[in-house]
Amino acid sequence: MYNKDFFNFMSRIHFHKEFHETLEKLSEIIPEKGILDATENELAQQLNTSKDRVRYILNELTKTSTPLAVKKENRYVFDYDPKEIAKAAHARAAMSNMGLSPDDFE
């Protein structure tokens, strides 16, 4: 199942700050079912960025320790284990209780 909060939290941890705005925009256009079948050109237009930047982000999303995306044929699947979502929610809450955010660790 796709979870926008999980995607945003984890992507902020794995990507440098310069990518956060694009990643947040991407999180908004990923369908609830978590299957994104737009081309890199279409995504670049929707995200108002370059095709190279989209390609880099999508490629890196597949390489994170807990993959944030899996490429299947001509689409990307954003499907997360509920246990991983729960762990991230607890981590986010703990960080918030300490007055921290993922941006504090760059």
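The opening residue of the sequence shown carries number 1 in the numbering used here; numbering runs sequentially from there. No residue lacks a Cβ here, since even glycine has one placed at the ideal position from N, Cα and C. Nothing here was measured: the structure is a model prediction, and the numbers come from that model.
Discussion item. Shorter than 7 angstroms, the distance from the beta carbon of threonine 62 to the closest heavy atom of the ligand NAD, or not?
Written reply: The ligand NAD is absent from the structure shown, which contains no ligand whatsoever.
Item to complete: Return the chain-ordered ranges of every alpha helix (DSSP H) run that is complete within the region 32-85 and spans a minimum of 4 residues.
Response: 40-47, 51-61
Discussion item. How far does the alpha helix (DSSP H) with phenylalanine 19 in it extend, from its first residue to its last?
Written reply: It is not in any alpha helix (DSSP H) - phenylalanine 19 carries neither H nor E in the DSSP assignment.
Practice prompt. Would you kindly work out how many angstroms separate the C-alpha atoms of proline 67 and tyrosine 2, rounded to a whole number?
Written response: 12 angstroms
Discussion item. For leucine 36 and phenylalanine 78, which I take to be in contact (beta-carbon distance under 8 angstroms), what is that distance rounded to the nearest angstrom?
Written reply: 7 angstroms
Worksheet item: How many angstroms separate the CA atom of phenylalanine 19 from the CA atom of isoleucine 57?
Response: 8 angstroms
Discussion item. Below 8 angstroms on the Cβ atoms is my contact criterion, and I expect isoleucine 29 with glutamine 45 to pass it. Report the Cβ-Cβ distance as a whole number of Å.
Written reply: Between glutamine 45 and isoleucine 29 the Cβ distance is about 11 angstroms, and since that is not below 8 angstroms, they are no contact.
Item to complete: Could you give the DSSP three-state label for leucine 26: helix, strand or coil?
Response: helix
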